[in-house]
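Here's the structure we're looking at; comments come further down.
In the working numbering, the protein residues as written are 1395 to 2133.
In structure tokens form, the structure reads like this:
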């Protein structure tokens, strides 16, 4: 045995390990070959039989001490949808035989040929079930239109009879044909060629789970009658929901234009809770509608959706007539004056087929001079992005006003979000039921089916993000922890866990706290790395131009650390973000899911979510700990490496329902602006974001007070001198001759 070779080989291995140690897979390092969250990881794992059958590859993988890229990565993504057949495992069944390998290879070749020819080859029901279950997709028929019609007829027949006991509603599970590749859109669903070219130009090849299941439902018209469906979708953050609801809408408008049935006016309304998310949807929609003639617009102040000229003229005539009659009745008393009516300024009329807006902006545009919301008879598609927020009490009244204004019998509604509580689902279902009951009585139109689509575990965080729950005790401890994140002492941690790297987001509870944290951290980055230009703050108090400027700088990479509130926690897509820091713990589980979802977008692994909590957060942190634990279990993380151990869950107190509601509405009271913890004001001082000690702050305040007092004395002294001079001048003035 040559000991020199053994020693040199060991030395080279250690050198290689040290070189590769700092290397870390980050979301900003590039897009993944497969953007799916579930299914592809399990199917790409090797079986024990394959590992033993090829020992050379097994040795090579052991020496590298890192996961080698699977062989199927060299193939086009659509060929690797189920992974390599030699390494596939579907529900515990090993596919390691040569016959199985050959069969899978033939099936993949046939699939490629069918995609090239544009022909659609439907899968059998068992295959559809297997694909949907592998990707953790569950599709449920909540309300069947045929069953509703039969129930309605039976109610009419049994009006005279006694009431029967209500029967439990049975929810039927559906298994539609999954969309395994975007190349099948033309052959299987007849999507427009221009739309298909635009999709390919954006680099989309493998659909995500929500696209895999929702696009067949929305493009297939859901039955021979072509009535369509109403859809409730719950899918993880960054899973491609925007593309899933834009493609069917653009395709439907192109079909109407091709058939010569195109109508004037707004055909689709997409509601979003923030202006940033609405702008993002508009950008994605314009990419899909490029060179198709379909216009996508962002609703702004001053724009008009309806041509209200005739309505306003009629209202003015009615007002004039009523005022004339009142004046005639009051002519005896001499009141012949007329009050001038205020005319509303008319803005630019929207001439786009797809309108993206926030609820309040659209409600203001629809309100006439009488304050009533006008009707939208031309709208056939209503899409609620982040539906749980739009139906929350903050936006609920405005959203329902817009929903009720869409009086077209052919209206199709779809709700999309990463979190949707049972109360929001019940509200949406009841609103749809009431609307269709009124329409069936008046027009006799057949209602569509109501379908619910859930991807993964409902109301859970994305599984490809590493969570860190850190106890910082006090506000000073949180500030110290953030500075350690900005200036890490080691490139990687000892236990090989992912570490946070810029760019990343920092979330705070309120706007004053975001501004205070920005003033503390803006000089922490050295001038050699860009200095204060690398840190920015974004919140709703800034003007629209400043917000757009900060967003553009962050997307370009000029800003590394962006401090913000929950304004950017929903829907906004930053694909290159490496992590999220919750400086202030989220006020609800849904807020945590959406904040964390800003990283790990489109299946990118390596994102880090750090949550700092203090003594004030301990009574409410258990909900977040449960979400982290469920997400790690969904990703298959072993119990020994779990972030949240069972002892921590047992130690944390369980908040009551009332405490959760109060926290969601107001947050931690001690951190609110102007709130004092006790009579001495100690609570406010404890939650202040500052690194200065009490003595330094007292000296600084005394110095400021002395300067302010000196300035006031000078001003008052100067004023007294001016008054004295005026009095002296008045005494010396000529007062006339005495008698």
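Here a beta-carbon is modelled for each residue, glycine too, at the ideal position from N, C-alpha and C. Quick caveat, the model's predicted, so the values are computed rather than measured.
Buried or exposed by the 16-neighbour rule on C-beta atoms within 10 Å, applied to residue i
i            : result
residue 1881 : exposed
residue 1726 : Bear in mind that the predicted position of residue 1726 carries a pLDDT of just 48, short of 50, making it too unreliable to give a figure here.
residue 2001 : buried
residue 2047 : exposed
residue 1690 : buried
residue 1597 : exposed
residue 1526 : buried
residue 1917 : exposed
residue 1662 : buried
residue 1453 : Any reading at residue 1453 must be qualified, since the residue scores a pLDDT of 41, below 50, and its modelled position is unreliable; the value itself is stated next. It is exposed - the Cβ of residue 1453 has fewer than 16 other Cβ atoms within 10 Å.
residue 1742 : exposed
residue 1797 : buried
residue 1653 : exposed
residue 2117 : exposed
residue 2141 : Lying outside 1395 to 2133, the shown extent of the chain, residue 2141 is not represented and no answer is given.
residue 2101 : exposed
residue 1816 : exposed
residue 2109 : exposed
residue 1779 : buried
Bridge partners - residue i, DSSP secondary structure assignment
i            : result
residue 1810 : 1627, 1779
residue 1846 : 1534, 1626
residue 1930 : 1956
residue 1691 : 1749
residue 1664 : 1750, 1777
residue 2003 : 1861, 1974
residue 1743 : 1698
residue 2040 : DSSP lists no partner for residue 2040.
residue 1867 : 2008
residue 2158 : The structure shown does not extend to residue 2158, since the chain spans only 1395 to 2133, so no value can be given for it.
residue 1761 : 1767
Proximity below 7 Å, CB of residue i to CB of residue j
i            : j            : result
residue 1957 : residue 1919 : no
residue 2064 : residue 2010 : yes
residue 1988 : residue 1964 : yes
residue 2057 : residue 2014 : yes
residue 1857 : residue 2034 : no
residue 1784 : residue 1637 : no
residue 2217 : residue 1805 : What the structure shows of the chain is the stretch from 1395 to 2133, and residue 2217 is not part of that stretch, so it cannot be assessed.
residue 1519 : residue 1569 : yes
residue 2030 : residue 1429 : no
residue 1892 : residue 1861 : no
residue 2136 : residue 1672 : Outside the modelled stretch of the chain, which goes from 1395 to 2133, sits residue 2136, for which no answer is possible.
residue 1516 : residue 1571 : yes
residue 1930 : residue 1966 : no
residue 1855 : residue 1990 : yes
residue 1801 : residue 1769 : yes
residue 1606 : residue 1573 : yes
residue 1633 : residue 1602 : yes
residue 1594 : residue 1684 : no
residue 1803 : residue 1767 : no
residue 1870 : residue 1978 : no
residue 1565 : residue 1534 : yes
residue 2021 : residue 2038 : no
residue 1818 : residue 1782 : yes
residue 1999 : residue 1419 : yes
residue 1693 : residue 1755 : yes
residue 1744 : residue 1699 : yes
residue 1911 : residue 2083 : yes
residue 1947 : residue 1968 : no
residue 1635 : residue 1604 : yes
residue 1645 : residue 1682 : no
residue 1648 : residue 1608 : no
* Segment contact, 8 Å Cβ cut-off, at least three pairs: the segment 1960-1976 with the segment 1918-1930 -> no
* Taking 8 Å as the threshold, find out whether the segment 1762-1781 comes into contact with the segment 1657-1672 through three or more Cβ pairs. => Contact between the segment 1762-1781 and the segment 1657-1672 is present, because at least three Cβ pairs lie under 8 Å.
* Given 8 Å as the limit, is there contact between the segment 1622-1635 and the segment 1809-1823, that is, 3 or more CB pairs closer than that? -> yes
* Are the segment 1845-1852 and the segment 1671-1679 touching by the rule of at least three beta carbon pairs closer than 8 Å? -> With the cut-off at 8 Å, the segment 1845-1852 and the segment 1671-1679 do not touch.
* Secondary structure, beta strand (DSSP E): runs of 3+ residues fully inside the segment 1894-1947 -> 1898-1901, 1929-1932
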